[in-house]
Amino acid sequence: MDLMGMVNQAIASSDTEANGSLIGSLLGNLNNAPVDNNKIGGIASSLQGVLQDKGRGNPGGLMGTLQTVAATGAVERLLANEQISAIAQRVGADPAMVKSVTPLIAQFLVKGSNAQGGGLLQKVLSGEVDLGQMAGLIGMANKFL
Numbered sequence: 002m003d004l005m006g007m008v009n010q011a012i013a014s015s016d017t018e019a020n021g022s023l024i025g026s027l028l029g030n031l032n033n034a035p036v037d038n039n040k041i042g043g044i045a046s047s048l049q050g051v052l053q054d055k056g057r058g059n060p061g062g063l064m065g066t067l068q069t070v071a072a073t074g075a076v077e078r079l080l081a082n083e084q085i086s087a088i089a090q091r092v093g094a095d096p097a098m099v100k101s102v103t104p105l106i107a108q109f110l111v112k113g114s115n116a117q118g119g120g121l122l123q124k125v126l127s128g129e130v131d132l133g134q135m136a137g138l139i140g141m142a143n144k145f146l
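With the working numbering, letter number 127 in the sequence shown gets 128, and the count goes up by one each step, no holes.
Rendered as structure tokens:
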């Protein structure tokens, strides 16, 4: 299944909060974040590695952390300062960019997943969905809109 098919599947699922307008709004917010669109993919890809480490064996616990980050913007609940700096350095972005994009990605994952971490989060943790590729598509779509 392609990436958009997976997003549509999350929207159609009855056990997630996702719906078309919500996902569109989140994608718009991510696209409008004060971050160079070319760097969003790198941040998202690095974030996926952190999520995979933290979610191994406990997607429900990670889901609780993501819900907090999405609701409050408290990125430090997910990423240590050293991780934020390392991600920023790896992609050539300011740490503030990492901090502004991470809650939006968390919100996208929360809304596309169920409370146990099933749905979109499960696909990200398994590697079936590449967050970097997904974010890159958002940046690419913006060039044509």
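We treat Cβ as the ideally placed atom computed from N, Cα and C, and that holds for glycine.
This structure is a prediction, so every number in the text was calculated from the model and none was measured.
C-beta atoms of residue i and residue j nearer than 7 Å
i: L110; j: L126; result: no
i: Q133; j: A45; result: Reading off the sequence, residue 133 comes out as Gly, not Gln. Contact flag set, yes.
i: L67; j: A107; result: yes
Coarse secondary structure for residue i, derived from DSSP in three states
i: G120; result: strand
i: G128; result: coil
Selected residue, minimal CA-CA separation from residue i, among the options
i: G43; options: K55, Q123, V102, G119; result: V102
i: N59; options: Q123, L48, L132; result: Q123
i: G119; options: A71, G65, V51, P104; result: G65
i: G62; options: G93, T73, A89, S114; result: S114
i: Q49; options: A94, P96, L79; result: L79
i: R57; options: N82, G128, M135; result: G128
i: V51; options: I85, N39, K40; result: I85
i: K55; options: A81, K100, D131, L105; result: A81
- Item | Contiguous alpha helix (DSSP H) assignments of at least 4 residues, all confined to the segment 41-126 | 60-73, 82-92, 96-112
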